[in-house]
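Worksheet: one structure, shown below.
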Amino acid sequence: MDILLSQLFAGLSLGSVLLLAALGLALTFGQMGVINMAHGEFMMAGAYTAFVVQGVIGSAGISLLVALPLGFVVGGLLGLLLEATLIHRMYHRPLDTLLVTWGVALVLQQVARDVFGAPNVDVTAPEWLSGAVTIGDVTLPKTRLFILTVAIVCVATLSIALKATPLGRRIRAVVQNRDLAETSGVSSRGTDRLTFFIGSGLAGIAGVALTLLGSIGPTLGTSYIVDAFLVVVAGGIGQIKGTVIAATALGLMQAFFEYSTTASVAKVLVFVVIVAFLQVRPQGLVTVRTRSLV
Amino acid sequence: AQVDTAGGEPSEATGAGCVDTSGDTVKIGFLNSLSGTMAISEQTVHDSLQLAASEINADGGVLGKELEIVTEDGQSEPTVFAEKATKLITSDCVAAVFGGWTSASRKAMLPVFESQDSLLFYPVQYEGLESSPNIFYTGATTNQQIVPGLDYLAEQGVESLFLVGSDYVFPRTANKIINAYAEAHGIEVLGEEYAPLGHTDFSTIVNKVRSADADAVFNTLNGDSNVAFFKEYSNAGLGPDDMPVLSVSIAEEEIGGIGVENVEGQLTAWNYYQTVDTPENAAFVEAFQAEYGADRVTSDPMEAAYDSLYLWKGMVEKAESFDVADVQEAADGVSFDAPEGTVTVNGDNHHIAKTALIGRIGDDGLIYTEWSSDGPIEPDPFLEGYDWAEGLS
Amino acid sequence: MTDLPTTTEPAAIEPEPDTTGPAAEALLGTDTSRFRHDYLEVRGLRVTFGGFVAVRDVDLTVTQGDLRFLIGPNGAGKTTLIDAITGLVGATGSARFGGTELLGRGTHRIARDGVGRTFQTASVFEELTVLQNLDIAAGARRGPSTLLRRRRGTPEAVEQALELVGLGALRDTTAGVLAHGQKQWLEIGMLLVQDAHLMLLDEPVAGMTQAEREATGELLRRIGSQRVVVVVEHDMEFLRSYADSVTVMHQGRVLAEGTVAEVQNDPAVVEVYLGATHTDDEEA
Amino acid sequence: MTGMTDRLHTLLAPGRTRALAGFALAAVLLFAVAPVLLSPFRLSLLAKFLCLAMVAVGIGLAWGRGGLLTLGQGVYFGLGAYLMAMHLKLADAGPGGVPDFMSLYGTGEVPWWWEPMRSPAATVLLIVLVPAALAGLLGWAVFTRRVRGAYFAILSQALAAAFAILLIGQQQTTGGTNGLNGFRAFFGYDLTDPVNQRMLYLIAAGVLLLMVLVARQLMVSRFGELLVAVRDAEDRVRFLGYNPAAVKTVAYVVAAVMAAVGGALFVPIVGIISPADVGVVPSIGFLVGVAIGGRATLLGPVLGSIAVSWAQTSISEQFPSGWIYFQGALFIVVIAFLPGGLASLVRRRRRRDSAASPPAPELEERPA
Amino acid sequence: MLELTGVSTGYGRTAVVHDVDLTVPDGALTAVLGHNGAGKTTLLRAVLGLLPVRSGTVLLGDDDVTRWPPHRRVRRGVAYVPQGQQSFGQLTARENLQVVADAYGAEGRRRTAEALDLFPALGPLLGRPAGLLSGGQRQQLAIARALVTGPRLLVLDEPTEGIQPNVVQEIYAAVTALRSDGDLSVLLVEQHIGYAVQHAAEYLVMTSGRITHRAPGGATAVAEAREAMAL
Ligand SMILES: Nc1ncnc2c1ncn2[C@@H]1O[C@H](COP(=O)(O)OP(=O)(O)OP(=O)(O)O)[C@@H](O)[C@H]1O
Ligand SMILES: Nc1ncnc2c1ncn2[C@@H]1O[C@H](COP(=O)(O)OP(=O)(O)OP(=O)(O)O)[C@@H](O)[C@H]1O
Ligand SMILES: NC(N)=O
Ligand SMILES: [Mg+2]
Ligand SMILES: [Mg+2]
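As structure tokens, this is what we get:
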């Protein structure tokens with residue numbers, strides 16, 4: 506029973522990590538159709554931001570709280586730069602963005618290696634996040650509770666922003682038909698940039714959060730990118746709700762498969778389940794259908 | 167059962183025949199991953215190889231010839247290691263190659279060095295069960311690291327173990343050995359978990375470890391995974407007092423990345439620590455930090471790489487020749503007063519005799535020797551001298 | 015597309031559909047092998063989307079030689095009816111053509127049974143040339159050996175269709191650059207070479223000039239004598255000129271059915287669809 | 153224009169003569185010039201590049217023409233390679249023998265699914281059949297369910313990731329991260345013998361040319377046009393009576409088999425196959441050359457792939473670790489600013505035969 | 069309101085529209101007629117800024133907007149109903165209107181209500197994704213969307229295509245009404261020549277990208293226009 510609860514929490518926690526990694530993609534990939542392979546490197550940039558902030562501020566207690574918004578800005582600015590230089594000329598060929606951004610990812614990794622050195626670095630978790638909360642026999646590490654909270658806050662903010670604000674409408678409108686959006690009075694360039702900024706900024710936040718769990722190195726992002734895309738695809742492109750459900754489900758599946766088999770087998774099993782699932786629901790979990798023939 | 171390494175006759179058209187020693191320089195190759203996932207570790211080895219080379223050159227070179235370094239990037243891919251090794255041997259005509267880290271890269275290069283009849287110096291502790299006339303292994307084999315680690319734990323009264331490792335050849339082989347040892351010594355193995363390389367979520371594995379409640383954890387995780395594992399481990403409230411972890415792949419380099427607070431007091435098994443108290447080490451650390459910065463640390467693979475260049479120098483000077491056959495011939499008994507203490511080449515299996523050191527991680531991120539073997543342990547890559555290991559190879 | 019220096023005239027050579035020439039004769043002419051009398055029989059057809067019933071219990075019978083127009087307010091369910099018959103959306107009830115039940119079969123199977131359609135928003139292969147578009151439409155029944163060989167020359171039917179829809183001069187033009195109306199002609203051409211026995215056309219003359227509408231009407235009339243044709247249109251002028259019979263849908267049901275005159279004077283149809291002033295239609 | 157002039161046109165079109173001339177030139181370069189000019193080391197490097205180019209030919213067809221962005225060709229490359237490697241291992245071990253690594257790390261017994269590879273003939277057959285069957289099954293399942301565009305891309309990527317993890321996890325029977333290596337002979341010929349290495353090179357060159365011919369035939373055929381039609385408007389094709397899933401599956405299977413054959417030849421030439429050659433990163437790596445050369449053209453993928461491999465090797469020799477900047481930059485510049493690849497530079501100057509080959513899929517389907 | 073001088077434009081290497089002069093005076097309706105593929109849509113796209121103009125100028129009132137992006141022109145008072153029943157498919161019908169209204173605050177909400185009055189059929193469909201609407205419903209939505217911008221120049225590309233006859237009448241009645249109680253100008257492309265020419269101050273016939281005929285409109289001009297078209 507305890508172990509069941511522990512595993513449940515492990516799954517939720519993993520889900521929240523996946524969700525953080527995937528949330529930005531749900532915007533840039535899900536909404537804008539850009540397959541940004543450098544998303545993982547934006548996460549890495551967020552993580553290094555946390556590292557640098559800690560170096561400057563010193564006190565771990567405050568630096569994490571400073572790093573979160575700063576990571577958002579750093580990730581966002583990187584995204585903005587990418588959008589303004591490359592992506593904006595490629596909206597009509599989304600599959601190509603995958604390849605370009607893969608090149609960008611390679612370069613960013615090497616830049617990190619050259620700037621911060623090859624060895625990994627570490628961010629010290631603040632005092633108030635060390636240790637665990639114990640309920641009965643179940644221990645919930647505080648860092649994981651914190652990440653869960655960050656994920657929930659991000660999701661809530663983003664989905665409200667998308668669903669209920671003019672900004673969200675604009676973003677979705679531009680993605681669906683750039684010309685029509687322009688001729689409806691919406692600046693598509695401005696909206697694209699803003700969307701990409703937010704999506705990439707979320708990657709930065711994810712990166713900062715991840716420093717609580719693992720090390721910071723040039724390849725930090727690569728370990729998450731495949732899973733993050735799978736989450737968005739399985740959830741149904743363009744649907745934050747789907748992304749949330751898919752991330753949670755993937756986290757739980759990984760945790761429970763891993764418990765009963767091994768981590769490697771669990772990963773393969775999760776892939777198999779997703780492929781099978783897409784056989785049943787080829788457009789993912791949550792979809793908005795249209796009648797158009799494309 | 168020794169691996170059958172007879173790769174056929176070395177052919178005339180290729181091979182080490184092209185090494186040019188007529189001038190006053192001699193070429194050697196450094197082959198490390200400078201890009202890709204392994205760059206994190208291999209860059210440090212590369213640095214210390216460079217240090218050794220410049221020291222040797224400053225000291226008059228090898229047989230009076232200055233070392234000319236050809237650097238190649240293994241790109242963290244076994245295939246590339248094989249390709250670059252071929253290139254170094256056949257196009258650059260180097261007298262010997264230094265490098266490699268993962269067992270996969272070594273396995274990929276082995277047939278190349280055998281068929282081209284050239285020499286590789288491999289500086290990392292590994293899973294043993296291998297011996298090639300064309301490779302010198304300057305890191306520990308299992309009886310110089312894992313077995314002493316187990317001896318130490320047994321001595322401390324550990325009666326049950328949990329094994330955590332990365333999913334590849336070194337940890338799996340190590341755990342086979344550990345299981346055999348445990349069975350022979352009445353230690354219970356309560357669990358054995360593997361995570362894919364690069365795995366970063368250890369909550370499930372830590373859950374399993376916690377509920378197994380063993381006396382100690384034997385950790386053969388490699389690379390980034392260690393960071394995630396230890397952070398999870400300490401966040402879950404586990405520590406050296408409840409359940410110590412003995413690691414064989416985290417060195418000073420990695421501790422900075424894991425965060426000292428997460429591993430302080432945990433155990434490691436190696437043959438070298440930065441804190442080893444020898445004059446040679448003092449000089450090595452000083453030289454290294456002078457070259458690369460005072461914030462840099464030194465670690466076992468770095469030291470083994472540093473040693474490897476000096477050992478090759480010793481062999482060449484003993485043989486008075488750069489020729490591969492001559493060097494192989496002269497290798498046995500060549501020794502070097504290394505930072506870790508004196509190391510000696512075993513001419514039969516091409517490994518070196520090393521002293522095993524169990525260390526405890528201090529609050530400064532350095533590792534302090536807690537226990538050491540009585541002098542250098544002769545390398546025994548196939549564990550032929552251990553009864554309990556029968557049938558393992 | 016060939017080398018076009020920046021100063022040339024646009025590729026917009028006005029299509030001059032020639033629906034009466036020899037090409038038309040060849041492609042549409044009396045085909046004695048097709049003596050069987052085809053008909054489309056729809057019974058109790060029902061399409062629901064979630065809770066919304068888009069088509070409810072529609073019965074419809076259209077026979078060969080009876081050029082049937084399907085009209086009705088926007089959202090009445092006309093396109094959905096065609097979608098259901100061609101397998102694009104799921105439906106209950108029955109739709110039989112030539113003795114075959116169409117519902118529940120895969121879209122491409124239905125097409126192979128001789129059911130062809132056009133789309134309300136013209137849909138052609140934008141990256142292929144006009145010729146390639148037609149050649150593909152003509153070839154669903156080709157075997158692997160033909161498919162794996164290079165196309166040599168232009169199949170006769172394709173050549174005729176090109177002439178018939180007036181796109182001969184644009185044969186090597188990429189279809190994506192065609193104007194709206196040209197795409198619609200191309201779609202009709204594709205339908206012709208596809209050799210469908212049941213043709214469902216969704217607003218085929220929308221956006222066409224008066225002259226082109228007439229050409230299309232003539233073409234439909236000739237097609238209609240050999241096949242079962244259903245045309246969805248909002249252009250009343252066009253309907254009056256070419257319809258043999260009319261079915262009016264409203265809110266998913268059949269509201270009225272009959273000759274042009276009958277439905278035009280049906281007060282319910284006037285009320286929901288034609289509007290009070292329909293008699294002095296602007297084109298009249 | 154009548155059928156007759158059409159025929160004349162196709163026969164005499166500059167496209168056709170140029171293709172023939174290009175083909176002849178390539179054959180001369182590969183068979184006569186390269187073996188004379190290159191050192192044995194460089195020649196086997198080139199042979200390795202040719203193997204990778206085989207994968208590229210298939211991708212050019214599936215992605216360039218069919219719009220199937222497959223991020224998982226490493227799976228098929230790996231299947232071919234591992235099947236070949238298993239055979240070489242078993243052959244080295246002799247009749248009834250056990251490959252060295254199995255006795256070291258495994259149970260010392262040869263698992264049943266290795267047994268067929270004792271036979272050279274069965275191996276060659278399986279190298280084609282296994283990838284074809286897997287691609288056929290997977291393609292059919294996925295395409296009939298209309299998984300496409302980015303979904304398909306991500307799914308194929310997950311496949312590559314899963315395949316690599318699986319290989320790594322099955323240490324005792326697949327060699328794990330070490331992969332399989334240390335082969336001594338190839339169908340009885342000593343692999344260390346330079347003469348045999350040269351022979352392997354010639355085989356690779358011949359096979360590659362053959363694949364280019366096959367790809368060319370597929371591209372200029374009606375199937376090629378249909379493939380483009382399916383890429384552009386899959387549903388529309390369905391209404392014409394075709395099953396687009398079948399069309400896509402055929403292209404996918406052909407690409408898979410080409411990748412597998414490339415993998416099978418890679419093994420004796422390079423001497424090793426490991427999971428690092430088949431996972432997510434190498435799978436994307438296969439696309440690099442294709443995109444840079446020009447995905448929708450016939451020779452673009454081949455030349456692009458060879459050029460990129462060559463650049464990677466020689467640049468990393470000059471600037472260890474610096475090649476990543478170069479590779480990244482090349483990739484970014486070519487794809488962002490030259491979507492047709494380098495081939496479109498050539499084409500821009502001679503556009504006359506563009507009707508014979510449709511343009512690059514600039515209007516790929518949006519993940520709606 | 070709108071003045072085009074010597075406008076040429078096209079796609080890639082292909083020139084489609086050549087040297088077009090055109091004016092829409094304040095409050096007037098100018099109609100453009102022409103065969104399929106003549107270049108009418110292309111011309112309108114240039115007016116909106118969706119296609120760059122190769123030579124010539126586009127003036128909106130006193131502003132030279134030749135290099136303005138489309139959304140700025142819309143803010144300046146141009147509304148566009150493109151050909152082909154376009155909508156933001158995954159947004160609901162309501163959101164399709166809101167996305168435009170957002171920029172105008174309370175005024176935008178008022179205009180949305182007005183537009184919905186004009187198309188009562190849209191009322192019950194507001195919660196449905198626009199991509200699921202029927203063709204005619206989408207077209208009604210497109211016109212409503214244009215009206216929400218509160219335009220001073222309405223650019224319509226075959227706006228009645230696919231719309232049921234009685235609604236067509238209402239749309240034209242509404243356009244007429246809007247013009248009569250304001251100074252709304254209209255640039256109209258229409259295949260149904262009757263209405264277009266009758267209400268136009270001036271009508272132009274386009275052939276192969278050039279204006280080949282221009283004449284004052286009005287009820288009496290319809291026959292003449294037909295003749296010009298038939299040429
Ligand atoms: N997939 C769907 N989900 C929900 N509602 C749908 C769907 N498809 C169509 N509808 C609704 O079904 C009704 C009928 O649509 P249909 O397209 O058949 O109308 P139509 O008669 O063709 O109209 P028009 O003349 O405007 O083309 C409309 O109200 C439409 O909004
Ligand atoms: N994206 C494009 N690229 C190249 N050429 C195009 C493109 N769009 C249209 N054309 C060409 O420009 C010409 C004019 O097209 P346009 O759409 O302006 O015609 P139109 O007068 O609006 O016709 P319709 O009445 O059918 O809508 C046509 O010949 C068409 O082939
Ligand atoms: N040899 C190792 N540690 O891989
Ligand atoms: Mg309709
Ligand atoms: Mg138009």
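Residue numbers (my numbering), protein chains in the order written: chain E, 506 to 799; chain Z, 167 to 559; chain P, 15 to 298; chain D, 153 to 520; chain A, 69 to 299. Even glycine gets a Cβ: it sits at the ideal position worked out from N, Cα and C.
At a cut-off of 6 Å, is residue i close to ligand 1 when judged by its beta-carbon and the heavy atoms of the ligand?
i, result
"K108/A", "no"
"R101/P", "One detail in the question is off: residue 101/P reads as Gly in this sequence, not Arg. No, ligand 1 has no heavy atom inside 6 Å of this Cβ."
"L288/P", "no"
"A90/P", "yes"
Could you please give the first and the last residue of the uninterrupted alpha helix (DSSP H) stretch that includes residue i?
i, result
"N234/A", "P233 to S248"
"M213/P", "Segment L212 to D216 is the beta strand (DSSP E) holding M213/P; no alpha helix (DSSP H) there."
"G195/P", "H194 to V207"
"T561/Z", "Coverage of chain Z is limited to positions 167 through 559, which leaves residue 561/Z absent and any answer about it impossible."
"Y256/P", "M250 to Y256"
"I592/E", "Unbroken run through I592/E: none, as it is neither H nor E."
So the beta strand (DSSP E) residue i belongs to, where does it begin and stop?
i, result
"E70/P", "Here the sequence assigns Arg to residue 70/P, which means Glu is not the residue at that position. It spans F66 to T77 - the beta strand (DSSP E) in which R70/P sits, taken as one unbroken run."
"Y79/A", "L70 to Y79"
"T256/Z", "Here T256/Z belongs to no beta strand (DSSP E); instead the alpha helix (DSSP H) covers P244 to T256."
"F63/P", "Y53 to F63"
Is residue i near ligand 4, with its Cβ less than 6 Å from a heavy atom?
i, result
"S202/A", "yes"
"Q196/P", "no"
Under the criterion of a Cβ to heavy atom distance below 6 Å, does residue i qualify as lining ligand 5?
i, result
"L139/A", "The sequence given here places His at residue 139/A; Leu does not occur at that position. H139/A Cβ: outside cutoff for every heavy atom of ligand 5."
"Q265/P", "no"
"Q151/A", "yes"
Taking 6 Å as the cut-off, is the C-beta of residue i nearer than that to any heavy atom in ligand 2?
i, result
"T98/A", "no"
"A269/A", "no"
Cβ pair count under 8 Å reaching 3, the region 549–559 of chain E against the region 513–529 of chain E: Output reads no: the region 513–529 of chain E does not touch the region 549–559 of chain E.
Interfacial residues, the region 100–115 of chain A to chain P, with Cβ spacing under 9 Å: Within the region 100–115 of chain A, the residues whose Cβ lies closer than 9 Å to some Cβ of chain P are L101, G102, H103, N104, G105, A106, G107, K108, T109 and T110, listed in chain order.
Contact set between the region 671–705 of chain E and chain A, restricted to residues whose Cβ is under 8 Å from the partner: Answer in chain order: P671, R674, R675, R677, A678, Q681, N682, D684, L685, A686, E687, T688, S689, G690, V691, S692, S693 and R694.
The region 185–218 of chain A: positions lying closer than 7 Å to chain E by Cβ: Near chain E, meaning a CB-to-CB distance below 7 Å, the residues of the region 185–218 of chain A are P197, G199, L200, R213 and T217.
Cβ contact check for the region 619–633 of chain E and the region 418–427 of chain Z: 3 or more pairs under 8 Å: Three or more beta-carbon pairs drawn from the region 619–633 of chain E and the region 418–427 of chain Z are found closer than 8 Å, and the two stretches are therefore classed as touching.
The region 256–269 of chain Z contacting the region 200–211 of chain Z, beta-carbon criterion three pairs below 8 Å: Yes, since at least three Cβ pairs between the region 256–269 of chain Z and the region 200–211 of chain Z fall closer than 8 Å, the two stretches touch.
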